[in-house]
Amino acid sequence: MKQRFPKHLSYEYKLEIDRLPARANDRLSLKVIMPAVFIGLLMALLGILDLNNGLYGEAMSDLYKVADDIHQPLVNHIVADYSFIILGLGIIAGAIIAHIRYKKIYFNGRVFDVDFKGVFGEAELFSENLRNYRGVRMRVEFFQFGILTKNKYIVELEHIDPGKTIPLYISTDGNGIYDIWHYYAKRLEKPTIMDTDSGLKVVDTQDLNKSLRNYMISTGQSSDYMVIPPLPKAFKYSQKNGKTVLVARKSFWDIFSVVASVWLMVFAAALGFAFYHYEKIVQSTESPWKLNLGLIAASIILVICLLWMFKKEKIVIKDNRIILVYKFLLLSRKNNDVDVDSLKDIEIMRSPVNNRYYLALISQYNVAAFGTKMPLEDLRWVKKFLIHEILK
147 MKQRFPKHLS YEYKLEIDRL PARANDRLSL KVIMPAVFIG LLMALLGILD LNNGLYGEAM
207 SDLYKVADDI HQPLVNHIVA DYSFIILGLG IIAGAIIAHI RYKKIYFNGR VFDVDFKGVF
267 GEAELFSENL RNYRGVRMRV EFFQFGILTK NKYIVELEHI DPGKTIPLYI STDGNGIYDI
327 WHYYAKRLEK PTIMDTDSGL KVVDTQDLNK SLRNYMISTG QSSDYMVIPP LPKAFKYSQK
387 NGKTVLVARK SFWDIFSVVA SVWLMVFAAA LGFAFYHYEK IVQSTESPWK LNLGLIAASI
447 ILVICLLWMF KKEKIVIKDN RIILVYKFLL LSRKNNDVDV DSLKDIEIMR SPVNNRYYLA
507 LISQYNVAAF GTKMPLEDLR WVKKFLIHEI LK
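With positions in the sequence shown counted from 1, the corresponding number in the working numbering is that position plus 146.
Rendered as C-alpha coordinates:
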(Lines of atoms letter the chains of each structure in order from A and count residues from 1; the text may use other names and numbers.)
(Lines give C-alpha, C1' and ligand atoms only; values in the text may rest on other atoms or scores of the structure.)
Protein backbone atom coordinates (compact mmCIF):
# COMPACT_ATOMS: atom_id res chain seq x y z
CA MET A 1 0.00 0.00 0.00
CA LYS A 2 1.29 3.46 -0.86
CA GLN A 3 2.51 5.38 2.18
CA ARG A 4 0.63 8.61 2.83
CA PHE A 5 2.75 11.64 3.63
CA PRO A 6 1.44 14.99 4.87
CA LYS A 7 1.62 17.97 2.53
CA HIS A 8 3.64 20.74 4.14
CA LEU A 9 3.20 24.21 2.67
CA SER A 10 6.63 25.80 3.22
CA TYR A 11 9.93 25.61 1.40
CA GLU A 12 11.82 27.27 4.27
CA TYR A 13 10.59 26.52 7.79
CA LYS A 14 11.99 25.86 11.28
CA LEU A 15 10.34 25.20 14.64
CA GLU A 16 12.62 26.62 17.34
CA ILE A 17 12.28 24.33 20.37
CA ASP A 18 15.24 25.57 22.41
CA ARG A 19 13.01 28.28 23.82
CA LEU A 20 9.53 27.26 24.94
CA PRO A 21 6.82 27.93 24.12
CA ALA A 22 7.73 27.63 20.43
CA ARG A 23 5.70 29.02 17.55
CA ALA A 24 6.05 28.67 13.76
CA ASN A 25 3.93 29.16 10.63
CA ASP A 26 3.94 26.52 7.91
CA ARG A 27 3.00 28.83 5.05
CA LEU A 28 4.31 29.67 1.60
CA SER A 29 6.64 32.65 1.91
CA LEU A 30 5.89 36.06 0.41
CA LYS A 31 9.32 35.77 -1.26
CA VAL A 32 7.70 33.19 -3.54
CA ILE A 33 4.21 34.72 -3.66
CA MET A 34 5.14 38.29 -4.68
CA PRO A 35 7.34 37.42 -7.71
CA ALA A 36 4.59 35.05 -8.91
CA VAL A 37 1.96 37.81 -8.59
CA PHE A 38 4.25 40.28 -10.41
CA ILE A 39 4.93 37.87 -13.30
CA GLY A 40 1.24 36.96 -13.59
CA LEU A 41 0.19 40.61 -13.54
CA LEU A 42 2.79 41.49 -16.16
CA MET A 43 1.59 38.70 -18.46
CA ALA A 44 -2.07 39.70 -18.05
CA LEU A 45 -1.32 43.40 -18.72
CA LEU A 46 0.70 42.59 -21.84
CA GLY A 47 -2.18 40.47 -23.11
CA ILE A 48 -4.72 43.22 -22.43
CA LEU A 49 -2.52 45.89 -24.02
CA ASP A 50 -1.97 43.83 -27.14
CA LEU A 51 -5.65 42.87 -27.33
CA ASN A 52 -6.55 46.56 -27.46
CA ASN A 53 -4.15 47.18 -30.35
CA GLY A 54 -1.54 48.64 -28.06
CA LEU A 55 1.12 46.82 -30.05
CA TYR A 56 -0.65 46.56 -33.43
CA GLY A 57 -2.28 49.99 -33.83
CA GLU A 58 -1.65 52.24 -36.80
CA ALA A 59 0.83 54.33 -34.85
CA MET A 60 2.98 51.24 -34.32
CA SER A 61 2.59 49.73 -37.79
CA ASP A 62 5.81 51.21 -39.18
CA LEU A 63 7.82 49.35 -36.56
CA TYR A 64 6.67 46.00 -37.96
CA LYS A 65 7.22 46.71 -41.65
CA VAL A 66 10.48 45.72 -43.28
CA ALA A 67 10.36 46.90 -46.89
CA ASP A 68 7.52 45.01 -48.61
CA ASP A 69 8.19 41.73 -46.81
CA ILE A 70 5.22 41.34 -44.46
CA HIS A 71 4.23 37.86 -43.21
CA GLN A 72 1.24 36.68 -41.25
CA PRO A 73 2.16 35.43 -37.77
CA LEU A 74 2.12 31.68 -37.10
CA VAL A 75 -0.40 32.11 -34.27
CA ASN A 76 -3.24 34.63 -34.42
CA HIS A 77 -2.34 37.43 -32.03
CA ILE A 78 -5.83 37.43 -30.46
CA VAL A 79 -5.39 33.78 -29.43
CA ALA A 80 -1.95 34.62 -28.03
CA ASP A 81 -3.35 37.65 -26.17
CA TYR A 82 -6.09 35.66 -24.47
CA SER A 83 -3.59 32.93 -23.63
CA PHE A 84 -1.34 35.48 -21.92
CA ILE A 85 -4.28 36.93 -19.99
CA ILE A 86 -5.57 33.53 -18.85
CA LEU A 87 -2.09 32.29 -17.87
CA GLY A 88 -1.31 35.51 -16.02
CA LEU A 89 -4.58 35.48 -14.08
CA GLY A 90 -4.06 31.79 -13.34
CA ILE A 91 -0.63 32.47 -11.87
CA ILE A 92 -2.05 35.27 -9.70
CA ALA A 93 -4.95 33.09 -8.52
CA GLY A 94 -2.61 30.20 -7.73
CA ALA A 95 -0.31 32.47 -5.72
CA ILE A 96 -3.20 33.94 -3.73
CA ILE A 97 -4.65 30.49 -3.00
CA ALA A 98 -1.22 29.27 -1.89
CA HIS A 99 -0.92 32.19 0.53
CA ILE A 100 -4.38 31.66 2.01
CA ARG A 101 -3.45 28.19 3.31
CA TYR A 102 -1.44 27.97 6.51
CA LYS A 103 -0.66 25.91 9.59
CA LYS A 104 0.08 27.77 12.80
CA ILE A 105 1.96 25.51 15.20
CA TYR A 106 2.35 26.12 18.94
CA PHE A 107 4.39 23.84 21.26
CA ASN A 108 4.67 24.29 25.04
CA GLY A 109 7.03 21.36 25.64
CA ARG A 110 4.32 18.75 26.13
CA VAL A 111 1.44 19.48 23.74
CA PHE A 112 1.23 20.64 20.12
CA ASP A 113 -1.63 22.98 19.21
CA VAL A 114 -2.14 23.32 15.45
CA ASP A 115 -4.41 25.83 13.71
CA PHE A 116 -4.97 24.82 10.07
CA LYS A 117 -6.68 26.97 7.43
CA GLY A 118 -7.45 25.58 3.99
CA VAL A 119 -8.64 27.45 0.92
CA PHE A 120 -12.31 27.12 1.86
CA GLY A 121 -14.16 26.71 5.14
CA GLU A 122 -13.33 27.58 8.69
CA ALA A 123 -9.97 27.09 10.38
CA GLU A 124 -9.49 23.74 12.12
CA LEU A 125 -7.74 23.26 15.46
CA PHE A 126 -6.31 20.12 17.06
CA SER A 127 -4.13 19.39 20.07
CA GLU A 128 -1.85 16.37 20.45
CA ASN A 129 0.47 15.29 23.25
CA LEU A 130 4.14 14.71 22.44
CA ARG A 131 3.98 11.15 23.84
CA ASN A 132 1.57 10.14 21.05
CA TYR A 133 4.20 10.68 18.36
CA ARG A 134 6.29 7.72 17.12
CA GLY A 135 9.54 9.43 16.15
CA VAL A 136 11.36 12.01 14.04
CA ARG A 137 11.41 11.24 10.35
CA MET A 138 13.63 12.67 7.64
CA ARG A 139 12.60 12.44 4.00
CA VAL A 140 13.37 14.11 0.69
CA GLU A 141 10.74 15.29 -1.76
CA PHE A 142 11.54 16.06 -5.38
CA PHE A 143 9.58 18.96 -6.86
CA GLN A 144 9.60 20.63 -10.26
CA PHE A 145 10.78 24.25 -10.25
CA GLY A 146 10.52 25.40 -13.86
CA ILE A 147 12.72 22.98 -15.79
CA LEU A 148 14.74 22.23 -12.66
CA THR A 149 14.13 19.34 -10.31
CA LYS A 150 14.94 20.42 -6.77
CA ASN A 151 15.04 18.64 -3.44
CA LYS A 152 12.90 19.55 -0.46
CA TYR A 153 14.46 18.25 2.78
CA ILE A 154 11.84 17.61 5.47
CA VAL A 155 12.27 16.73 9.14
CA GLU A 156 8.95 15.99 10.83
CA LEU A 157 7.51 14.52 14.02
CA GLU A 158 5.61 11.50 12.75
CA HIS A 159 2.13 10.51 13.90
CA ILE A 160 0.17 7.42 12.86
CA ASP A 161 -2.41 9.87 11.47
CA PRO A 162 -0.58 11.82 8.71
CA GLY A 163 -2.84 14.82 9.33
CA LYS A 164 -1.32 15.22 12.81
CA THR A 165 2.33 14.96 11.71
CA ILE A 166 4.20 18.11 12.77
CA PRO A 167 6.82 19.74 10.49
CA LEU A 168 10.00 20.57 12.41
CA TYR A 169 12.35 21.72 9.64
CA ILE A 170 11.94 22.24 5.88
CA SER A 171 14.58 23.50 3.47
CA THR A 172 15.76 23.23 -0.12
CA ASP A 173 19.35 23.24 1.20
CA GLY A 174 20.40 19.83 2.48
CA ASN A 175 23.60 20.99 4.18
CA GLY A 176 23.73 19.69 7.73
CA ILE A 177 20.38 17.89 7.41
CA TYR A 178 21.66 14.86 9.34
CA ASP A 179 22.65 16.98 12.34
CA ILE A 180 19.33 18.83 12.21
CA TRP A 181 17.41 15.55 12.04
CA HIS A 182 19.24 14.09 15.01
CA TYR A 183 19.09 17.34 16.98
CA TYR A 184 15.30 17.22 16.97
CA ALA A 185 15.30 13.50 17.84
CA LYS A 186 17.55 14.03 20.86
CA ARG A 187 15.81 17.23 21.98
CA LEU A 188 12.36 15.61 21.85
CA GLU A 189 13.72 12.27 23.14
CA LYS A 190 12.30 10.35 20.20
CA PRO A 191 13.93 7.76 17.92
CA THR A 192 14.70 8.57 14.30
CA ILE A 193 12.52 6.81 11.75
CA MET A 194 12.89 6.38 8.03
CA ASP A 195 10.60 4.85 5.40
CA THR A 196 12.64 2.34 3.36
CA ASP A 197 11.93 -0.36 0.81
CA SER A 198 11.71 -2.94 3.62
CA GLY A 199 9.46 -0.88 5.90
CA LEU A 200 9.93 1.56 8.75
CA LYS A 201 13.50 1.76 10.07
CA VAL A 202 13.83 2.90 13.71
CA VAL A 203 17.13 3.96 15.33
CA ASP A 204 17.29 4.73 19.05
CA THR A 205 18.96 7.90 20.25
CA GLN A 206 22.03 6.12 21.71
CA ASP A 207 23.04 5.00 18.19
CA LEU A 208 22.64 8.36 16.48
CA ASN A 209 26.25 9.51 16.78
CA LYS A 210 27.74 6.35 15.23
CA SER A 211 29.08 6.23 11.70
CA LEU A 212 27.64 3.63 9.33
CA ARG A 213 30.71 1.41 9.74
CA ASN A 214 30.58 1.52 13.54
CA TYR A 215 26.82 1.05 13.60
CA MET A 216 27.03 -2.07 11.41
CA ILE A 217 29.78 -3.58 13.58
CA SER A 218 28.13 -2.72 16.93
CA THR A 219 24.75 -4.15 15.89
CA GLY A 220 26.26 -7.32 14.38
CA GLN A 221 24.98 -6.58 10.87
CA SER A 222 28.42 -6.49 9.25
CA SER A 223 28.40 -10.26 8.63
CA ASP A 224 25.42 -9.80 6.26
CA TYR A 225 27.61 -7.80 3.88
CA MET A 226 30.79 -9.86 3.78
CA VAL A 227 29.65 -11.59 0.58
CA ILE A 228 27.60 -9.85 -2.08
CA PRO A 229 25.55 -11.44 -4.91
CA PRO A 230 26.99 -11.61 -8.46
CA LEU A 231 27.18 -8.43 -10.49
CA PRO A 232 23.83 -7.72 -12.22
CA LYS A 233 23.77 -7.26 -15.97
CA ALA A 234 22.68 -3.66 -15.45
CA PHE A 235 26.19 -2.62 -14.30
CA LYS A 236 29.81 -2.65 -15.44
CA TYR A 237 32.52 -3.06 -12.79
CA SER A 238 36.23 -2.30 -12.89
CA GLN A 239 39.03 -1.88 -10.39
CA LYS A 240 42.30 -0.16 -11.27
CA ASN A 241 44.79 2.38 -9.95
CA GLY A 242 43.44 2.07 -6.44
CA LYS A 243 39.86 2.98 -7.34
CA THR A 244 36.68 1.00 -7.84
CA VAL A 245 34.27 2.03 -10.59
CA LEU A 246 30.65 0.93 -11.02
CA VAL A 247 28.81 2.19 -14.12
CA ALA A 248 25.17 1.72 -15.06
CA ARG A 249 24.85 0.31 -18.57
CA LYS A 250 21.48 1.90 -19.25
CA SER A 251 21.04 5.61 -19.95
CA PHE A 252 18.17 7.51 -18.39
CA TRP A 253 16.22 10.62 -19.28
CA ASP A 254 15.24 13.49 -17.04
CA ILE A 255 13.70 16.92 -17.70
CA PHE A 256 17.02 18.17 -19.12
CA SER A 257 17.01 15.28 -21.60
CA VAL A 258 13.53 16.25 -22.79
CA VAL A 259 14.55 19.89 -23.25
CA ALA A 260 17.74 18.77 -24.98
CA SER A 261 15.80 16.55 -27.39
CA VAL A 262 13.58 19.48 -28.44
CA TRP A 263 16.57 21.75 -29.04
CA LEU A 264 18.32 18.89 -30.82
CA MET A 265 15.55 18.66 -33.41
CA VAL A 266 15.46 22.45 -33.87
CA PHE A 267 19.20 22.79 -34.31
CA ALA A 268 19.47 19.68 -36.47
CA ALA A 269 16.81 21.04 -38.84
CA ALA A 270 18.45 24.49 -38.93
CA LEU A 271 21.92 23.08 -39.54
CA GLY A 272 20.68 20.72 -42.22
CA PHE A 273 18.97 23.59 -44.03
CA ALA A 274 22.04 25.82 -43.70
CA PHE A 275 24.48 23.21 -45.03
CA TYR A 276 22.17 22.22 -47.88
CA HIS A 277 21.84 25.83 -49.03
CA TYR A 278 25.33 26.87 -47.98
CA GLU A 279 26.42 28.25 -51.37
CA LYS A 280 23.30 30.41 -51.78
CA ILE A 281 23.54 31.70 -48.21
CA VAL A 282 27.23 32.60 -48.64
CA GLN A 283 26.49 34.53 -51.83
CA SER A 284 23.72 36.53 -50.17
CA THR A 285 25.67 37.47 -47.06
CA GLU A 286 28.19 40.29 -46.75
CA SER A 287 30.26 38.55 -44.05
CA PRO A 288 30.86 34.82 -44.77
CA TRP A 289 32.98 34.54 -41.63
CA LYS A 290 29.93 35.42 -39.49
CA LEU A 291 27.96 32.64 -41.17
CA ASN A 292 30.75 30.14 -40.56
CA LEU A 293 31.05 31.28 -36.94
CA GLY A 294 27.31 30.85 -36.48
CA LEU A 295 27.40 27.34 -37.97
CA ILE A 296 30.26 26.37 -35.66
CA ALA A 297 28.39 27.70 -32.62
CA ALA A 298 25.21 25.85 -33.66
CA SER A 299 27.23 22.63 -34.11
CA ILE A 300 28.70 22.99 -30.60
CA ILE A 301 25.22 23.50 -29.14
CA LEU A 302 24.03 20.44 -31.07
CA VAL A 303 26.80 18.32 -29.52
CA ILE A 304 25.98 19.62 -26.02
CA CYS A 305 22.30 18.75 -26.55
CA LEU A 306 23.32 15.28 -27.67
CA LEU A 307 25.44 14.82 -24.55
CA TRP A 308 22.57 15.91 -22.30
CA MET A 309 20.24 13.32 -23.81
CA PHE A 310 22.25 10.21 -22.93
CA LYS A 311 23.06 10.28 -19.23
CA LYS A 312 24.42 7.40 -17.16
CA GLU A 313 25.17 7.16 -13.45
CA LYS A 314 28.56 6.09 -12.16
CA ILE A 315 30.02 5.42 -8.71
CA VAL A 316 33.74 5.86 -8.05
CA ILE A 317 35.25 4.69 -4.75
CA LYS A 318 38.75 5.94 -3.95
CA ASP A 319 40.71 7.53 -1.12
CA ASN A 320 37.99 6.68 1.42
CA ARG A 321 35.42 8.62 -0.63
CA ILE A 322 32.32 7.67 -2.62
CA ILE A 323 31.93 9.89 -5.69
CA LEU A 324 28.65 9.96 -7.61
CA VAL A 325 29.12 10.91 -11.24
CA TYR A 326 26.90 11.68 -14.22
CA LYS A 327 28.44 10.32 -17.41
CA PHE A 328 27.58 12.04 -20.72
CA LEU A 329 28.99 9.87 -23.53
CA LEU A 330 32.73 10.71 -23.31
CA LEU A 331 32.34 13.38 -20.62
CA SER A 332 31.69 13.08 -16.89
CA ARG A 333 30.43 15.49 -14.25
CA LYS A 334 30.75 14.96 -10.50
CA ASN A 335 27.32 15.07 -8.89
CA ASN A 336 28.25 14.37 -5.27
CA ASP A 337 31.30 13.53 -3.16
CA VAL A 338 30.77 11.67 0.14
CA ASP A 339 33.44 11.08 2.78
CA VAL A 340 33.07 7.49 4.05
CA ASP A 341 33.93 8.51 7.62
CA SER A 342 31.05 11.02 7.63
CA LEU A 343 28.62 8.50 6.16
CA LYS A 344 25.83 7.72 8.63
CA ASP A 345 23.53 5.51 6.62
CA ILE A 346 22.79 4.04 3.20
CA GLU A 347 19.12 3.30 2.64
CA ILE A 348 16.64 2.84 -0.17
CA MET A 349 14.00 5.54 0.16
CA ARG A 350 10.87 6.29 -1.80
CA SER A 351 9.95 9.59 -3.36
CA PRO A 352 6.24 10.32 -2.78
CA VAL A 353 6.25 12.58 -5.86
CA ASN A 354 6.81 9.87 -8.49
CA ASN A 355 6.45 6.79 -6.23
CA ARG A 356 9.92 5.55 -7.26
CA TYR A 357 12.75 4.38 -5.03
CA TYR A 358 16.27 5.79 -4.94
CA LEU A 359 19.44 5.06 -2.98
CA ALA A 360 20.12 7.69 -0.31
CA LEU A 361 23.67 8.15 0.99
CA ILE A 362 23.12 10.04 4.23
CA SER A 363 26.27 11.77 5.47
CA GLN A 364 27.00 14.20 8.27
CA TYR A 365 26.49 17.06 5.83
CA ASN A 366 23.84 16.17 3.23
CA VAL A 367 21.88 13.47 1.42
CA ALA A 368 23.20 12.20 -1.91
CA ALA A 369 20.75 10.42 -4.23
CA PHE A 370 21.66 7.66 -6.69
CA GLY A 371 19.59 5.59 -9.09
CA THR A 372 16.34 7.56 -9.19
CA LYS A 373 15.39 5.72 -12.41
CA MET A 374 16.63 2.24 -11.45
CA PRO A 375 14.60 -0.87 -10.58
CA LEU A 376 14.34 -1.73 -6.90
CA GLU A 377 16.37 -4.95 -7.16
CA ASP A 378 19.30 -3.09 -8.73
CA LEU A 379 19.22 -0.51 -5.94
CA ARG A 380 19.29 -3.28 -3.33
CA TRP A 381 22.38 -4.75 -4.97
CA VAL A 382 24.13 -1.35 -5.06
CA LYS A 383 23.34 -0.84 -1.36
CA LYS A 384 24.94 -4.20 -0.46
CA PHE A 385 27.90 -3.45 -2.71
CA LEU A 386 28.63 -0.06 -1.13
CA ILE A 387 28.32 -1.32 2.45
CA HIS A 388 30.58 -4.27 1.54
CA GLU A 389 33.20 -1.86 0.17
CA ILE A 390 32.99 0.29 3.30
CA LEU A 391 33.35 -2.63 5.72
CA LYS A 392 36.09 -4.61 4.00
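Ideal Cβ positions, reconstructed from N, Cα and C, are used throughout, including at glycine.
Keep in mind it's a predicted model, so treat the numbers as computed, not measured.
Residue i versus the options, residue with shortest Cα-Cα distance
i	options	result
LYS347	ALA182, GLU493, ASP196, LYS379	GLU493
GLY281	VAL260, LYS460, LEU303	LEU303
THR365	ASP341, ILE461, GLN352, ARG467	GLN352
TYR371	SER156, LEU532, ALA170, ARG169	LEU532
ASN275	VAL257, PRO181, VAL265, TYR504	VAL257
ASN438	PHE288, TYR424, ILE447	TYR424
LYS464	PHE413, ASN355, VAL391	VAL391
SER273	HIS305, ILE447, ASN501	HIS305
LYS490	TYR511, ASP196, ARG496	TYR511
ASP343	ARG502, ASN171, LYS382	ARG502
TYR422	LEU441, LEU191, ASP259	LEU441
ARG467	SER488, SER368, ARG496	SER488
PHE266	GLU287, GLN367, ILE242, TYR279	ILE242
LYS250	GLY234, LYS310, LYS296	LYS310
ILE469	SER497, LYS457, PHE516	PHE516
LEU197	ASN171, LYS153, ASP227	ASP227
LEU192	LYS177, ALA170, GLY234	GLY234
ARG333	SER384, THR518, ASP164	ASP164
TYR383	VAL449, VAL462, LYS457	VAL462
GLY345	TYR279, MET495, ASN360, ASP307	MET495
MET520	ASP307, SER509, PHE381	PHE381
ILE450	PRO434, TRP435, VAL408	VAL408
Buried or exposed by the 16-neighbour rule on C-beta atoms within 10 Å, applied to residue i
i	result
MET411	exposed
VAL349	buried
ILE232	exposed
GLU335	exposed
ALA415	exposed
GLY388	exposed
ILE323	buried
ILE224	exposed
LEU522	exposed
ALA394	buried
LYS529	buried
ILE300	buried
MET206	Because MET206 sits at a pLDDT of 48, beneath the cut-off of 50, its placement in the model cannot be relied upon, and the point is left open.
LEU507	buried
GLY320	buried
ASP341	buried
ASP172	buried
LYS396	exposed
LYS457	buried
LEU174	buried
ARG169	exposed
Beta carbon of residue i nearer than 7 Å to that of residue j
i	j	result
VAL484	ALA444	no
MET189	PHE230	yes
ARG283	ILE339	yes
TRP527	PRO376	no
LEU155	ARG247	yes
LEU354	HIS328	yes
LEU537	LEU505	no
LYS460	LYS480	no
ILE179	HIS245	yes
PHE413	ILE447	yes
SER368	MET362	yes
VAL471	SER478	yes
LEU166	GLY255	yes
ASP261	ALA269	yes
GLU287	LYS296	no
ILE374	HIS534	yes
Would the segment 157-177 count as touching the segment 314-322 if we require 3 or more Cβ pairs under 8 Å? yes
Looking at C-beta atoms only, is the number of pairs between the segment 231-239 and the segment 178-197 that lie closer than 8 Å three or more? yes
Any beta strand (DSSP E) of 3 or more consecutive residues that is wholly inside the segment 348-427: 381-386, 389-394
For the segment 222-272, which segments carrying the alpha helix (DSSP H) assignment without a break, of at least 4 residues, lie completely within its bounds, in sequence order? 223-246
What are the start and end residues of each continuous beta strand (DSSP E) run of 3 or more residues lying completely inside the segment 275-327, in chain order? 281-291, 294-304, 312-317
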